Amino acid sequence: MMQDPKDYEQDLLARLKLDNPGREISPLPECGWGHSLIPAPDENPEKTDKGLRVLVIGSWTLGMLAFEAIRALEGERPDRVNIVGLVTDDPLDPQARISEHKRFWHYYGKHRQEVYELHILEEALHFGVPCFTGEVKSGLFRSLLAKWKPEAVVVAGFGQLIDAPIIRYPDCGIYNVHPADLRHGHGAGPKPWEDLVERRAETTRLTIHQVSEEIDSGPVVGVSPPINVRLAEGECTDDVRLIGEKTFMPVKTMVGELVRGLCRNWECGRPCRINRMDLESCFSSAERDALMRPIDPGKRGTLLPLSSLCAGDSV
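In my numbering, the protein residues as written are 1067 to 1381.
Here's what the structure looks like:
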């Protein structure tokens, strides 16, 4: 008998409470789906309220890599960076409107969806970051945005449309991480890797761009070095998850450099948006060589620094 999707949702919430009973988990009837999750008082008691206030909106592996990059910066300099919240997908709730069938979630059954959602929520709560899994185009989220007061927003792998009130809110801008070469007009929308397969492309790039109301159309801030998406001997692959894992390799370096740039502006009293960065120069020659190596199917699930929850898995 197939398990009810709601059972996965309840299992997820139970596991989160089991790890720390002091967490506050509340449903969001105003949104129609999702939960508000508040860390327990004993989770990361050293977290301060200092530094550039950054909101992370993301899910799945792409969102987790972006969160990890910013978390590492806060860990190094808690007076410089402050993650004020995490907004993430809730693919387990059948009422959630996250374009599940048009985006990456359709590659996974409910069990794997639970693993990915649990991973990012657990990591955020353990770091002392409150989480939200409901509808962002709601009055409730507007009030939460006003409470968190983010000065910058980083989006990575999120299944809801982000509207104008959110886009206009942060003084330092809102930026999206997209695994396609948007500077050359490729791969906008929910199927960037399918675009590579259809075009039989040899290389691609990861893009960070400013968010606009039209999907993946905001000004490009910077791109990664070229990324080889062919197999050995130059053969193409139709395995979009294998391609996807390769395109995620530059995420942490690029997001880290973006937030460092925002912090420099903030520290100088110039909390302005970043319009252009030379993100390619952040990569060493060895890192560039790694990006240009052919994809090795035998290394699926080993290219990214994934947690033990996702060990051996690919994007």
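Note that CB positions come from ideal geometry on N, CA and C, so glycine has one too.
This structure is a prediction, so every number in the text was calculated from the model and none was measured.
*Simplified DSSP state of residue 1356, which is helix, strand or coil*: In the three-state DSSP reduction, residue 1356 falls in the helix class (H, G or I).
*When DSSP labels each residue in this structure, what does residue 1068 get in the three-state scheme?*
Because residue 1068 carries a pLDDT of 48, less than 50, the predicted location of this residue cannot be relied on, and no value is offered for it.
*Sort 1231, 1259 and 1115 by Cα distance to residue 1212 and report the nearest one.*
Answer by Cα proximity: 1231.
_Cβ-Cβ separation, residue 1273 to residue 1295 (assumed contact under 8 Å), whole Å_ = That pair is no contact at about 15 Å.
*Report buried or exposed for residue 1338, applying the criterion of at least 16 other Cβ atoms within 10 angstroms of its Cβ.*
Here residue 1338 is exposed. Its C-beta has fewer than 16 other C-beta atoms within 10 Å.
*Reducing DSSP to helix, strand and coil, say where residue 1273 ends up.*
Strand at residue 1273.
*Evaluate residue 1157 with the Cβ neighbour count: other Cβ atoms within 10 Å of its Cβ, from every protein chain shown; 16 or more gives buried, anything less gives exposed.*
Note on residue 1157: 16 or more other CB atoms within 10 angstroms of its CB, so buried under the neighbour-count rule.
*With a CB to CB cut of under 6 Å and the five nearest residues on each side skipped, what residues in its chain are close to residue 1245?*
Here residue 1245 has 1258, 1272 and 1313 as same chain residues with Cβ atoms under 6 Å from its own Cβ, once five neighbours each way along the sequence are excluded.
*Mind checking residue 1290: buried by the 16 CB within 10 Å criterion, or exposed?*
Residue 1290 comes out buried.
*Does the distance from the C-beta atom of residue 1253 to that of residue 1196 stay below 9 Å?*
In terms of Cβ geometry, residue 1253 and residue 1196 do not form a close pair [threshold 9 Å].
*residue 1242, enclosing alpha helix (DSSP H) - first and last residue*: For residue 1242, no alpha helix (DSSP H) segment is defined; the enclosing uninterrupted segment is the beta strand (DSSP E) at 1240-1244.
*Length of the line joining the Cα atoms of residue 1358 and residue 1268*: CA-CA distance, residue 1358 to residue 1268, rounds to 10 Å.
*Please name the residue in 1089, 1123 and 1095 whose C-alpha comes closest to that of residue 1108.*
Of 1089, 1123 and 1095, the residue nearest in Cα terms is 1089.
*CB residue 1207 to CB residue 1263, shorter than 9 Å?*
Not a contact, by the Cβ cut-off of 9 Å.
*Which residue comes first and which comes last in the alpha helix (DSSP H) that contains residue 1177?*
For residue 1177, the enclosing alpha helix (DSSP H) covers residues 1176-1192.
*How would you call residue 1185, buried or exposed, if buried means at least 16 neighbouring beta carbons within 10 angstroms?*
Sixteen is the threshold: when 16 or more other Cβ atoms of the shown chains lie within 10 Å of the Cβ of residue 1185, as they do, the residue is buried.
*Measure the Cβ-Cβ separation of residue 1127 and residue 1321 and say whether it is below 9 Å.*
Cβ distance not < 9 Å, so residue 1127 and residue 1321 don't count as in contact.
*When the distance is taken between beta carbons, is residue 1308 closer than 9 Å to residue 1363?*
For residue 1363 and residue 1308, yes; Cβs fall inside 9 Å.
_Can you look up residue 1195 in the DSSP assignment and give me helix, strand or coil?_
Coil, per DSSP.
*asked:* Quick check: what's the CA-CA separation for residue 1382 versus residue 1276?
replied: There is no way to answer for residue 1382, as the model of the chain reaches only from 1067 to 1381.
*Exposed or buried, which one is residue 1067 when buried takes at least 16 other CB atoms within 10 Å?*
With a pLDDT of only 45 at residue 1067, under 50, the local geometry of the prediction cannot be trusted, and no value is derived from it.
*Let me know the secondary structure DSSP gives residue 1093 once reduced to three states.*
The DSSP-derived three-state label of residue 1093 is strand.
*What residue range is occupied by the uninterrupted alpha helix (DSSP H) comprising residue 1381?*
It is not in any alpha helix (DSSP H) - residue 1381 carries neither H nor E in the DSSP assignment.
*Within the chosen definition, does the stretch 1212-1223 reach the stretch 1122-1142 through at least 3 CB pairs nearer than 8 Å?*
With the cut-off at 8 Å, the stretch 1212-1223 and the stretch 1122-1142 touch.
*According to the neighbour-count rule (16 or more other Cβ atoms, all chains shown, within 10 Å of its Cβ), is residue 1076 buried or exposed?*
Counting every other CB atom within 10 Å of its CB across the protein chains shown gives residue 1076 a total below 16, marking it as exposed.
*Do you know how far the Cα of residue 1376 is from the Cα of residue 1249?*
Each residue's Cα considered, the two are about 31 Å apart.
*Just to confirm, are residue 1218 and residue 1325 a CB contact at a threshold of 9 Å?*
In this structure, residue 1218 places its C-beta atom within 9 Å of the C-beta atom of residue 1325.
*How many angstroms separate the CA atom of residue 1028 from the CA atom of residue 1141?*
With the chain covering only 1067 through 1381, there is no way to say anything about residue 1028.
*Grouping DSSP H, G and I as helix and E and B as strand, with all else coil, what is residue 1119?*
The three-state secondary structure of residue 1119, taken from DSSP, is strand.
*Could you pull the start and end residues of the alpha helix (DSSP H) that residue 1289 belongs to?*
Segment 1286-1289 is the beta strand (DSSP E) holding residue 1289; no alpha helix (DSSP H) there.
*Run through DSSP, which three-state label would residue 1222 get?*
DSSP places residue 1222 in strand when its eight states are reduced to three.
*Would you list the one or two residues that DSSP bridges to residue 1310?*
The beta-bridge partner set that DSSP reports for residue 1310 is empty.
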